[in-house]
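Q:
Protein chains in written order, with the numbering used here: chain R, 1341 to 1605; chain U, 1341 to 1605; chain W, 1341 to 1605.
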C-alpha cells in the first residue's frame, strides 16, 4: 500500500458535513462526572452540535505540555469548529478567561499559556477576553459553568461573548517554538515530543533517556524491541519501541527532556 | 472574576433544547462493552435522544454511596430527563425493578436503595414497579435487556411501563438523610462526602483520617499541600488538598467516615 | 422475575430506528486522542450516523482474541450496521485492508485474521479488498486515514470501495472454531472465554487455573467467593466469582487456557 507521510500529512479533506464540531481537550480524566456534566450543558445550549472527545487525559494541570499538543491535533479540524480546552489549575483565581480565534477555529478556555502556540502559529489570531458572566458560577468548575456555555454559543453561531484585545495582550508564555520534552505518553507507551517534524531535519534522530534514538518511517522498520523516533500521524516527533513500550525502555515520562541529534551530512 | 457559590449553585438555566436526555449513572466501568451495548439499545429504541455519560465508574456494587451522589448530580437536569441507573449486584435475584418519578425527572433501575435519597427529597415522588418484560432477558445483564428499553420508552414519551405503588412501598433503606462518609474519589484524589453543604453550617469543618480539615471556599485559599473542605460544584462537601491528592494525604477511600466539626460560634 | 437465557438470548428486536450504526471495536485504549480523531472523521464523512463505542480496550495487538469476541457482540446489531475494527499491529506493512460483509453487516479493518470467525459463521460472506486510497495516508494510523473513511462511506449507503475476492481468498487463520482460552477480562475480573455456550453441553463445567469451575446459571447460585462458569449475556462461556474477582482467584489473564469438563451423563 502506498504510504505518504510528511509535514501536513493527515486525513484528506472531507465533504458533506455542514455543522460545527465542539472538540473537548481537557485534563478532566476518563473517570467521574466532569466530562458528562460539560456535555449536558453543550447538549442543551448547542443542540445538534457534534461533540468530539479528543483528549480527556491530558497531563493534569500542565498547560505547557498541552500548548504543544493542541496545534498538532487542531490542524485536522475545520474553520468554524470550536475547541473547549480546560486545563485550569488556577480556577477561581485571577487568570483571564479567553477565546482565541485562529484561522477560523475557536479556542475557549483559561488564559494560562494553553493557547500560546496556537496564537503564535496562526496567520491572523484574534484574542477575546470573555466578559459574559453566567447567572451562577461555582468556585471550582468553570469548565461547566463558564467555558462550556461560551463554546456552545460560538458553535451555534453567536458572536464571541467577549471583548477583543491585542493578540499578544493576553498572558504570553516565555516558551520556545518547539519543546524538546515529552508532552504525552499514550496507551502503548509511545512518547510524543513537543517537536514538530517540520522543524527538524528529515533524518535527525533524538537522544532520550541517555540513548540515541534513530529516525525511521514506522515501527516495522526496526528490529523487535528496538527504539525509534518518527513523525507521528499528527506531525510531531514521537518515540516508540517496536513491539514494546518506549516509556519503560527509556525511562521516559511527561517532562523528560530530549535532544535533537543532527544527522551527519 | 466574581464568584457566586452556595446552596443551589450550578449552571444557569438553559434554553433552546427541547428534547429529553438519557443520563447514564452506572458502575459498568470505563472499560469493556457494557456501556456501548446499552447505548446501542438506546439508539435503536429512542433515536434522537441525547445520551449523556454522567458516571460509569461509581463504586462497584455500592448502591448506598450512589444514593447520595445521585440527587447532587441530578439537580442540573430538567423535567423530562431520564436517568438510567445500574448498580445491580442482585441482578437475576429478587430485587424489584422500578421507576421513580421525582419532580418530573425519571429514574430507572433496580429497587435496592439506589433511589432512596431521590425519593425522600422529592416534592411528589411516584414509584412504579416495572411490569413490562422484554421478549428475552439474560440472567446477568438487565441494564441492557430491561432497564435500557424502559428508559428509552420513557424518553420517547411513552407512559412508564409499570404499575404505580405507594411511594414508600418500595424497598426503603434505613439510611440517614446525609451520609458522613466518603462516597466518591475523583481523578485528582478529591473525596466527595455524602453531606450536603446546605445541611451543615457554612463554616463547619470536618475531621477525616484523624485530622481536622478546615472549611474554605476553594483550593487556592490554602497553602500548597494543605487540606481543605469546601462545597463542591454539585453542592456536596468535598475534601481536597491544594496541588496534591487528599485521598493519599489523609488515607481516605470510599466508605471512610468523616465527622462534622461545628465551628465555635 | 422470569429469566430466559440460552443460545441466542439477547435484547429483543427493536423498532423505530432507520439509520445505520457505526460500531467501534478497537484496541486504541480509553486514553488519548485516537478514538476522538476517528470519530471526527466519521462525523464529517457520515453526518447523522450513530457511533457506538463497543470496545476500545480489546487486548492490544491481539487479533486472535478479538476474532472470537466479535461475532458474540456483533449478533445484537442489524443488517446495514458497520463495524470499524482496528487491531492492527502490522499497520504500514503488507496486510490487506478488507471489508467483510456477513449477513448484511459490514466489517471494516485489517486482514489479519480479525474477521476469521465472522466469515466462517456467516451464511453468505463476501470479502472485499479495499482498493480506494485516501489522498493522504499516514504511516501509523490507518484507522483514522483509511478504515474510518471507508466505514463512513458504507454507512451513508455508498458501495464498498473495493474489489470482491473469493470469501476464503483473504488471509485465513488456522484457528479452531471455538477457542478454549480467556479472551477478555472485564472490570469486575470476570473472564470471557472464546467458547460459545451453544458449542458445549448445557451442564459442562471448565477447568481453569488448575481448578474445576462448575457450570451455573448466574452469580447468586453459588456461595460468596465461589467460582462458577455460565453463559454470559453474549452467548460466551464466562468465568466469574460471586462477590470477588475470578481473574485473581484463579490466576487468569488473556491467553490463559481452559478445558471443558464434560458432565457425566
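Beta carbons: idealized from backbone N, C-alpha and C, even for Gly.
Could you work out which residue in W:1367, W:1366, W:1383, W:1363 is closest to residue 1363 of chain R when comparing CA atoms only?
A: Numbered from its first residue, the first chain carries residue 1363 of chain R at position 23. Checked all of W:1367, W:1366, W:1383, W:1363; the closest Cα to residue 1363 of chain R is W:1383.
Q: Entirely within the stretch 1423-1468 of chain R and at least 4 residues each: give me those alpha helix (DSSP H) ranges in chain order.
A: The qualifying runs are 1456-1461.
Q: Please state if the CB of residue 1518 of chain U and the CB of residue 1553 of chain U are separated by a distance shorter than 9 Å.
A: For this step, residue 1553 of chain U is matched to residue 213 along the second chain. For this step, residue 1518 of chain U is matched to residue 178 along the second chain. Against a cut-off of 9 Å, the Cβ pair of residue 1518 of chain U and residue 1553 of chain U comes out as no contact.
Q: For chain W, check one thing: does any of its Cβ atoms lie closer than 9 Å to the Cβ of residue 1397 of chain R?
A: Your numbering for residue 1397 of chain R matches position 57 in the first chain. Cβ-Cβ to chain W under 9 Å: yes for residue 1397 of chain R.
Q: If contact is defined by three or more beta carbon pairs under 8 Å, each pair taking one atom from either stretch, is the stretch 1364-1372 of chain W in contact with the stretch 1420-1428 of chain W?
A: Yes, the stretch 1420-1428 of chain W touches the stretch 1364-1372 of chain W.
Q: Under 9 Å between the Cβ atoms of residue 1573 of chain U and residue 1393 of chain R?
A: The sequence position of residue 1573 of chain U within the second chain is 233, counting from 1. The sequence position of residue 1393 of chain R within the first chain is 53, counting from 1. No.
Q: For the beta strand (DSSP E) holding residue 1393 of chain R, just list the boundary residues, first then last.
A: Start at 1 with the first residue of the first chain, and residue 1393 of chain R comes out as number 53. Segment 1390-1395, the beta strand (DSSP E) holding residue 1393 of chain R.
Q: Run the CB neighbour count on residue 1606 of chain R, radius 10 Å, all protein chains shown included, and call it buried at 16 or more, exposed below.
A: Here chain R comprises residues numbered 1341 to 1605, so residue 1606 of chain R is not present and cannot be evaluated.
Q: Quick one: list the residues of chain R neighbouring residue 1402 of chain U, beta-carbon separation under 8 Å, in chain order.
A: On the second chain, position 62 is the one that residue 1402 of chain U refers to. Here the premise fails: no neighbours, minimum Cβ distance about 15 Å.
Q: Please compile the residues from chain W whose C-beta is within a distance smaller than 7 Å of the C-beta of residue 1598 of chain R.
A: Counting from 1 along the first chain, the entry for residue 1598 of chain R is found at position 258. Here the premise fails: no neighbours, minimum Cβ distance about 19 Å.
Q: Consider the C-beta atom of residue 1520 of chain U and the heavy atoms of the ligand ATP; say whether any pair is separated by less than 8 Å.
A: The ligand ATP is not part of the structure shown, which contains no ligands of any sort.
Q: State the DSSP-derived secondary structure class of residue 1375 of chain W, mapped to helix, strand or coil.
A: Position 35 of the third chain, counting from 1, holds the residue named residue 1375 of chain W. The answer is helix: DSSP assigns residue 1375 of chain W an H, G or I state.
Q: Using 9 Å as the limit for Cβ to Cβ distance, is residue 1371 of chain W near chain R?
A: The residue given as residue 1371 of chain W occupies position 31 in the third chain. Cβ-Cβ to chain R under 9 Å: yes for residue 1371 of chain W.
Q: At a Cβ threshold of 9 Å, is residue 1383 of chain U touching chain W?
A: Along the second chain, one-based indexing puts residue 1383 of chain U at 43. Cβ-Cβ to chain W under 9 Å: yes for residue 1383 of chain U.
Q: Please compile the residues from chain R whose C-beta is within a distance smaller than 8 Å of the C-beta of residue 1380 of chain W.
A: Position 40 of the third chain, counting from 1, holds the residue named residue 1380 of chain W. Those within 8 Å of residue 1380 of chain W in chain R are 1361, 1363, 1392, 1394, 1416, 1417.
Q: Below 8 Å between beta carbons is the criterion; list the residues of the stretch 1522-1546 of chain R that meet it against any residue of chain W, in chain order.
A: Of all residues in the stretch 1522-1546 of chain R, 1524, 1526, 1527, 1528 have a Cβ within less than 8 Å of some Cβ in chain W.
Q: For residue 1413 of chain R, go through chain W and note every residue whose CB falls closer than 9 Å to its CB, in chain order.
A: Start at 1 with the first residue of the first chain, and residue 1413 of chain R comes out as number 73. Result: 1373, 1376, 1377.
Q: Going straight from the alpha carbon of residue 1413 of chain R to that of residue 1602 of chain U, what length do you get?
A: By 1-based counting over the first chain, the position of residue 1413 of chain R is 73. By 1-based counting over the second chain, the position of residue 1602 of chain U is 262. Near 50 Å, if we compare the C-alpha coordinates of residue 1602 of chain U and residue 1413 of chain R.
Q: Does the contact criterion of 3 or more C-beta pairs under 8 Å hold for the stretch 1451-1460 of chain W versus the stretch 1394-1414 of chain W?
A: Yes, they touch.
Q: Of all the residues that make up the stretch 1482-1511 of chain R, which are near chain U by a beta-carbon distance shorter than 9 Å?
A: From the stretch 1482-1511 of chain R, only 1482, 1484, 1485, 1486, 1488, 1489, 1492, 1496 have a Cβ closer than 9 Å to chain U.
Q: On the DSSP bridge assignment, give the partners of residue 1597 of chain U in chain order.
A: Against the second chain, residue 1597 of chain U aligns to sequence position 257. Beta-bridge pairing links residue 1597 of chain U to U:1521.
Q: Less than 8 Å between C-beta atoms, sequence neighbours within five positions excluded: which residues of the same chain meet that for residue 1417 of chain W?
A: Within the third chain, the letter at position 77 stands for residue 1417 of chain W. Excluding positions up to five away in sequence, the list reads 1361, 1363, 1423, 1445.
Q: Bridge partners for residue 1533 of chain R per DSSP, in chain order?
A: Within the first chain, numbered from 1, the residue matching residue 1533 of chain R stands at position 193. DSSP, once it has assigned bridges, lists R:1522 as partnering residue 1533 of chain R.
Q: Mark residue 1479 of chain W as exposed unless 16 or more other C-beta atoms lie within 10 angstroms of its C-beta, in which case mark it buried.
A: Reading the third chain from its first residue, position 139 is the one you call residue 1479 of chain W. By the neighbour-count rule (16 or more Cβ atoms within 10 Å), residue 1479 of chain W is buried.
Q: When you compare only the Cα positions, how much space is there between residue 1396 of chain W and residue 1372 of chain U?
A: Translated into the one-based positions of the third chain, residue 1396 of chain W becomes position 56. Translated into the one-based positions of the second chain, residue 1372 of chain U becomes position 32. Rounded to the nearest angstrom, the two C-alpha atoms are 7 Å apart.
Q: With residue 1363 of chain W as the anchor, note down where its alpha helix (DSSP H) starts and where it stops.
A: Residue mapping note: residue 1363 of chain W aligns to position 23 of the third chain, counting from 1. Taken as a continuous stretch (DSSP letters only), residue 1363 of chain W belongs to no alpha helix (DSSP H), being part of the beta strand (DSSP E) at 1361-1366.
Q: Residue 1581 of chain U lies in the beta strand (DSSP E); which residues open and close that run?
A: Here residue 1581 of chain U is taken as the residue at index 241 of the second chain, counted from 1. Residues 1576-1581.
Q: Is it true that the stretch 1490-1505 of chain W meets the stretch 1584-1601 of chain R, where meeting means three or more beta-carbon pairs spaced less than 8 Å apart?
A: Judged by Cβ distances under 8 Å, the stretch 1490-1505 of chain W makes no contact with the stretch 1584-1601 of chain R, as fewer than three pairs qualify.
Q: Let me see if you follow: with CB-CB separation under 9 Å, is residue 1368 of chain U close to chain W or not?
A: Locating residue 1368 of chain U in the second chain gives position 28, where the first residue counts as 1. Output row for residue 1368 of chain U: interface = yes.
Q: What are the partner residues of residue 1504 of chain R, as DSSP defines its beta bridges?
A: For this step, residue 1504 of chain R is matched to residue 164 along the first chain. DSSP output for residue 1504 of chain R lists R:1468 as bridge partner(s).
Q: Could you compute how far the alpha carbon of residue 1409 of chain R sits from the alpha carbon of residue 1532 of chain R?
A: Within the first chain, residue 1409 of chain R is the residue found at index 69, counting from 1. Within the first chain, residue 1532 of chain R is the residue found at index 192, counting from 1. Taking the straight line from one Cα to the other gives about 9 Å.
Q: For residue 1350 of chain W, does the three-state DSSP call read helix, strand or coil?
A: Taking the third chain and counting its residues from 1, the one referred to as residue 1350 of chain W is at position 10. Here residue 1350 of chain W scores only 39 on pLDDT, less than 50, and its place in the model should not be relied on; the value that follows carries that caveat. Coil, per DSSP.
Q: Check the Cβ of residue 1572 of chain R against every Cβ in chain W and list those closer than 7 Å, keeping chain order.
A: As a working mapping, residue 1572 of chain R is identified with position 232 in the first chain. Correct list: 1480.
Q: Look at the alpha carbon of residue 1475 of chain R and the alpha carbon of residue 1489 of chain R, and state the distance between them as a whole number of angstroms.
A: Reading the first chain from its first residue, position 135 is the one you call residue 1475 of chain R. Reading the first chain from its first residue, position 149 is the one you call residue 1489 of chain R. Rounded to whole angstroms, residue 1475 of chain R to residue 1489 of chain R spans 11 Å at the Cα level.
Q: Please report the residue range of the beta strand (DSSP E) in which residue 1548 of chain R lies.
A: Within the first chain, residue 1548 of chain R is the residue found at index 208, counting from 1. Counting along the chain, the beta strand (DSSP E) containing residue 1548 of chain R begins and ends at 1545-1548.
Q: Give the DSSP-derived three-state secondary structure of residue 1496 of chain U in the structure shown.
A: Taking the second chain and counting its residues from 1, the one referred to as residue 1496 of chain U is at position 156. Three-state result, residue 1496 of chain U: coil.
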